[in-house]
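The working numbering puts the first residue of the sequence shown at 13, with every later residue one more than the last.
Okay, so here's the structure we're looking at.
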Amino acid sequence: MASIIASEATATRCLLVVAKPAGAPELRRLREIAPGRRLELRVLAPAFVRSRLQFLTSDVDEGIRRARGRLERSLAEIEADGELRARGEVGDADPLLAIDCALATFAADEIVIVRSGERRNWGERRLAAQVGERFSVPVREIEPAL
């Protein structure tokens, strides 16, 4: 029993919010968060929409489709890595609500946002700052690999 508790104590629980699929470069950066510790990952792909109008009219079908693709590619990269394991889910078009729901079932030690790049979508703008203001969990962003 003590070994199980010790093993759990050395794990860092990380909510990985993917605005773009997490590939090998992002996974290397993720490992830097907790060197020498096991990472327990939950991947969250919010159903980002391209515009405020789509968000206000709940026009989220395209966002859900793109989020599924980001989630599937991220989980495939994590599986191919061989050392990391993860579960994942598609989240709400409102990324703050998606993160709130994910944290209700996964007590993360840290939230890591994989940014989409220079052309951020509407829901991704200021996301790290908003997450930091709203949740009492450390937040960091990973810049996309070039």
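C-beta: ideal position from N, C-alpha, C; glycine also.
Please read these numbers as outputs of a predicted model, since none were measured by experiment.
Next on the checklist: Comparing C-alpha positions only, which one of R146, L39, V55 sits nearest to E84?
Outcome noted: Of the candidates R146, L39, V55, the one whose C-alpha sits nearest the C-alpha of E84 is V55.
Checklist entry - Alpha carbon to alpha carbon, how far is L53 from A98? => result L53 and A98: Cα-Cα distance of roughly 5 Å.
Checklist entry - Assuming P33 contacts E89 under a Cβ cut-off of 8 Å, what Cβ separation, rounded to an integer in Å, is found between them? => result About 7 Å separates the two Cβ atoms, so the contact holds.
Next on the checklist: Per the DSSP calculation, I111 is bridged to which residue(s)?
Outcome noted: DSSP output for I111 lists no bridge partner at all.
Next on the checklist: Quick check on E52: does DSSP put it in helix, strand or coil?
Outcome noted: Strand, per DSSP.
Checklist entry - Along the chain, where does the beta strand (DSSP E) that runs through V30 open and close? => result Counting along the chain, the beta strand (DSSP E) containing V30 begins and ends at 23-30.
Item to check | Residue range of the unbroken alpha helix (DSSP H) whose run includes E74 | outcome: Its alpha helix (DSSP H) spans residues 73-93.
Checklist entry - Considering only C-alpha positions, which residue in the set V61, A31, L27 is nearest to I45? => result Across the set V61, A31, L27, the C-alpha of L27 shows the shortest separation from the C-alpha of I45.
Item to check | Among L87, E91, S86, F60, nearest to I76 - alpha-carbon criterion | outcome: Residue F60 is the option with its Cα nearest to I76.
Item to check | Local Cβ density within 10 Å of R138, reported as buried at 16 or more and exposed below that | outcome: Classification of R138: exposed, given that the 10 Å Cβ count is below 16.
Item to check | Same chain, Cβ closer than 8 Å to R7, neighbours up to 5 away in sequence not counted | outcome: Outside the displayed range of the chain (13 to 158) lies residue 7, so it cannot be described from this structure.
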